[in-house]
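As structure tokens, the structure follows; a few thoughts come after it.
In my numbering, the protein residues as written are 153 to 583.
Below is the structure:
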């Protein structure tokens, strides 16, 4: 039997792009036998041709201008693996789809910002956009949503969507090392980029959350609608106190719909050590879907690194012709309204850490504000260890509205004896 020929062009040869080339070189014979498919790389492009890579660049036709690859007539699929929500990435996506060629991408920022327009363009030209690698690495979450949960009415989606942050927090907690040391370890292990801003700021998680939310609810959210906090304010003391209180600290992306309002948020959370998510360590990701028919569905897999993401890219290359049931397009419903980036109405428990001067009366001054605002405290600690010369006070509240706490914190931070911003971590007992 003659193998089906699938010709591709690859733009972007960083960690993931190089991993795709290396895997295709290693497993092409397997794909021939398993799928009767021969994958041919007809062109490659990246910023630097001379950069040292694990494969031989000279084996492939190099294009200095990545847009020229799209003009090669017998290429079926363009694989876009460069960063950025606009610029060259957007030019590549637009030209690919207008040229009636299929697009495989791992660019979550591109899809979070331009997903709706690109989806419309793909539909107009009868081609597909495949983006399994854009969310949660090796976890086939997009495939699950498109093919396995079409009949379910999903009300919540949340989870650990960034392997870099999860690795850093796991290392800090388990090895008792600083944030900076854990970050350096993540970079050395290939789980963090040289510039880790998008990861540690929470932006990467926000892009992925937007992508999943729009896919599930047929909405048109942007990252600006997501309430966003990163992990840079998390200290070893917070992790130790969380452990003492029975919690693990995770960076979570959370999207849920209640009373016809959709809320998106990304921030550090304290979750019970008995939660399944608390067992997800290091570079692993985990996604939880809650539907009215199947209840909770938990998916776990590697979310960072060359091989896991490359595996998702290649899966999309192999199955690019499959019809996509769910589209990144906005369908306006008369009875659906939403808010984004506003969690003032969230009700729950909070962990607070405050740096104060070691002087009499400071505790009484702070608790008087809690009393006036009717904020009930379930736990309070004064730590012996100081940070930057300041005494650390820890409070854990009972359930209160977020707006109620925010107004109180603003008043507390104005006290002369309070010398730091109040570090707030939300406690998610239902996760």
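Idealized CB from N, CA, C, for every residue including glycine.
7 Å Cβ shell around residue 478 - same chain, five flanking residues per side excluded: Start at 1 with the first residue of the chain shown, and residue 478 comes out as number 326. Caution is warranted here: a pLDDT of 46 is assigned to residue 478, below 50, making its placement in the model unreliable, and the coordinate value is therefore given only provisionally. If we look at residue 478 and ignore the five residues flanking it on each side, its Cβ neighbours are 297, 298 and 367.
Residue 445 burial status per 10 Å Cβ neighbour count (16 or more: buried): Within the chain shown, the letter at position 293 stands for residue 445. The residue is exposed, with fewer than 16 neighbouring Cβ atoms inside 10 Å.
Limits of the unbroken beta strand (DSSP E) element including residue 408: Here residue 408 corresponds to residue number 256 of the chain shown, with the count starting at 1. Counting along the chain, the beta strand (DSSP E) containing residue 408 begins and ends at 399–410.
Anticipated Cβ contact below 8 Å, residue 439 with residue 448, distance rounded: For the purposes of this step, residue 439 is identified with residue 287 of the chain shown, where counting begins at 1. For the purposes of this step, residue 448 is identified with residue 296 of the chain shown, where counting begins at 1. Their Cβ separation, rounded to whole angstroms, is 11 Å, which puts residue 439 and residue 448 out of contact at 8 Å.
Coil, strand or helix - residue 417 by DSSP: Here residue 417 refers to the residue found at position 265 when the chain shown is read from its first residue. Here residue 417 sits in strand by DSSP.
Beta carbon of residue 586 nearer than 8 Å to that of residue 437: Residue coverage of the chain in this structure runs from 153 to 583, which leaves residue 586 outside it and unanswerable.
Residue 326 classed as buried or exposed, judged by whether at least 16 other C-beta atoms fall within 10 angstroms: Start at 1 with the first residue of the chain shown, and residue 326 comes out as number 174. Exposed, by the Cβ-count rule.
DSSP three-state assignment for residue 534, whether helix, strand or coil: By 1-based counting over the chain shown, the position of residue 534 is 382. Correct three-state label for residue 534: strand.
Local Cβ density within 10 Å of residue 512, reported as buried at 16 or more and exposed below that: As a working mapping, residue 512 is identified with position 360 in the chain shown. Exposure of residue 512 is indicated by the presence of fewer than 16 other C-beta atoms within 10 angstroms of its C-beta.
Where residue 206 falls, given that 16 or more other Cβ within 10 Å makes a residue buried: Taking the first residue of the chain shown as 1, we reach residue 206 at position 54. Label assigned to residue 206: exposed.
Three or more C-beta pairs below 8 Å linking the stretch 192–210 and the stretch 154–165: With a cut-off of 8 Å, the stretch 154–165 and the stretch 192–210 count as touching, because enough Cβ pairs lie within range.
Cβ pair residue 264, residue 182 closer than 8 Å: By one-based count along the chain shown, residue 264 stands at place 112. By one-based count along the chain shown, residue 182 stands at place 30. Here residue 264 is not near residue 182, since their CB atoms are 8 Å or more apart.
Close Cβ partners of residue 486 (< 8 Å) along its chain, the five nearest in sequence each way excluded: Taking the first residue of the chain shown as 1, we reach residue 486 at position 334. Note that residue 486 has pLDDT 46, beneath the 50 cutoff, so the model's placement of it is unreliable and the number below is only indicative. There are no such residues.
Per DSSP, the bridge partner or partners of residue 440: Mapped onto the chain shown, residue 440 falls at position 288. Beta-bridge pairing links residue 440 to 310 and 450.
At least three beta-carbon pairs within less than 8 Å, the stretch 373–382 to the stretch 269–282: Between the stretch 373–382 and the stretch 269–282, the count of C-beta pairs closer than 8 Å stays below three; the two stretches do not touch.
Local Cβ density within 10 Å of residue 305, reported as buried at 16 or more and exposed below that: Stepping through the chain shown from its first residue, residue 305 is reached at position 153. Residue 305 should be labelled exposed.
Among 523, 322, 410 and 372, the one whose alpha carbon lies nearest that of residue 392: Taking the first residue of the chain shown as 1, we reach residue 392 at position 240. Here the closest residue by C-alpha is 322.
Rounded distance between the beta-carbons of residue 429 and residue 311, thought under 8 Å: Counting from 1 along the chain shown, the entry for residue 311 is found at position 159. Counting from 1 along the chain shown, the entry for residue 429 is found at position 277. Contact holds; Cβ gap of about 7 Å.
Supposed contact pair residue 525 and residue 560 - C-beta distance, whole angstroms, cut 8 Å: Start at 1 with the first residue of the chain shown, and residue 560 comes out as number 408. Start at 1 with the first residue of the chain shown, and residue 525 comes out as number 373. Right, the Cβ-Cβ distance comes to about 5 Å (below 8 Å), so this counts as a contact.
Proximity below 8 Å, CB of residue 224 to CB of residue 468: Residue numbering aside, residue 224 sits at position 72 when the chain shown is read from its first letter. Residue numbering aside, residue 468 sits at position 316 when the chain shown is read from its first letter. No. Outside cutoff.
Nearest-angstrom beta carbon gap, residue 270 and residue 245 [assumed within contact, 8 Å]: In the chain shown, the residue the question calls residue 245 occupies position 93. In the chain shown, the residue the question calls residue 270 occupies position 118. Indeed they touch by this definition, with Cβ atoms about 6 Å apart.
Burial state of residue 406, where buried means 16 or more other Cβ atoms lie within 10 Å: Residue 406 sits at position 254 when you count from the first residue of the chain shown. Counting Cβ neighbours within 10 Å, residue 406 comes out buried, since at least 16 surround it.
Backbone secondary structure at residue 266 - three-state DSSP: Position 114 of the chain shown holds residue 266. Residue 266 carries a helical assignment under DSSP once its states are collapsed to helix, strand and coil.
Whole alpha helix (DSSP H) elements within the stretch 199–259, 4-residue minimum: If you keep only unbroken alpha helix (DSSP H) runs of at least 4 residues inside the stretch 199–259, you get 239–250.
First and last residue of the uninterrupted beta strand (DSSP E) at residue 505: Your numbering for residue 505 matches position 353 in the chain shown. For residue 505, the enclosing beta strand (DSSP E) has its first and last residue at 499–508.
C-beta atoms of residue 226 and residue 180 nearer than 8 Å: Sequence index remark: in the chain shown, residue 226 carries index 74 (1-based). Sequence index remark: in the chain shown, residue 180 carries index 28 (1-based). For the 8 Å CB-CB criterion, residue 226 and residue 180 do not form a contact.
6 Å CB neighbourhood of residue 277 in its chain, flanking five on each side removed: One-based indexing of the chain shown puts residue 277 at position 125. Closer than 6 Å at Cβ, skipping near neighbours: 249 and 252.
Cβ-Cβ distance between residue 286 and residue 363 below 8 Å: Here residue 286 corresponds to residue number 134 of the chain shown, with the count starting at 1. Here residue 363 corresponds to residue number 211 of the chain shown, with the count starting at 1. Yes, the Cβ-Cβ distance between residue 286 and residue 363 is below 8 Å.
C-beta atoms of residue 289 and residue 549 nearer than 8 Å: The residue you call residue 289 lines up with position 137 of the chain shown. The residue you call residue 549 lines up with position 397 of the chain shown. With respect to residue 549, residue 289 sits apart: the two C-beta atoms are not nearer than 8 Å.
Touch test, the stretch 328–336 against the stretch 229–242, Cβ-Cβ under 8 Å, three pairs minimum: The stretch 328–336 makes no contact with the stretch 229–242, as fewer than three CB pairs between them are under 8 Å.
Selected residue, minimal CA-CA separation from residue 316, among 455, 184, 369 and 529: Counting from one through the chain shown, the residue named residue 316 turns up at place 164. For residue 316, the nearest C-alpha among the options comes from 455.
Pairwise C-alpha distance: residue 186 and residue 417: The count along the chain shown starts at 1 and reaches residue 417 at position 265. The count along the chain shown starts at 1 and reaches residue 186 at position 34. Taking the CA atoms as reference points, residue 417 sits about 42 Å from residue 186.
Distance CB(residue 574)-CB(residue 506) smaller than 8 Å: Sequence index remark: in the chain shown, residue 574 carries index 422 (1-based). Sequence index remark: in the chain shown, residue 506 carries index 354 (1-based). Yes. Within cutoff.
Three-state secondary structure assigned by DSSP to residue 435: By one-based count along the chain shown, residue 435 stands at place 283. When DSSP states are grouped into helix, strand and coil, residue 435 belongs to the coil group.
Buried/exposed call for residue 395, threshold 16 Cβ in 10 Å: As a first step, residue 395 must be located in the chain shown, where it is residue number 243. Exposed, since its Cβ has fewer than 16 Cβ neighbours within 10 Å.
Among 213, 228 and 543, the one whose alpha carbon lies nearest that of residue 594: With the chain covering 153 to 583 only, the question about residue 594 has no answer from this structure.
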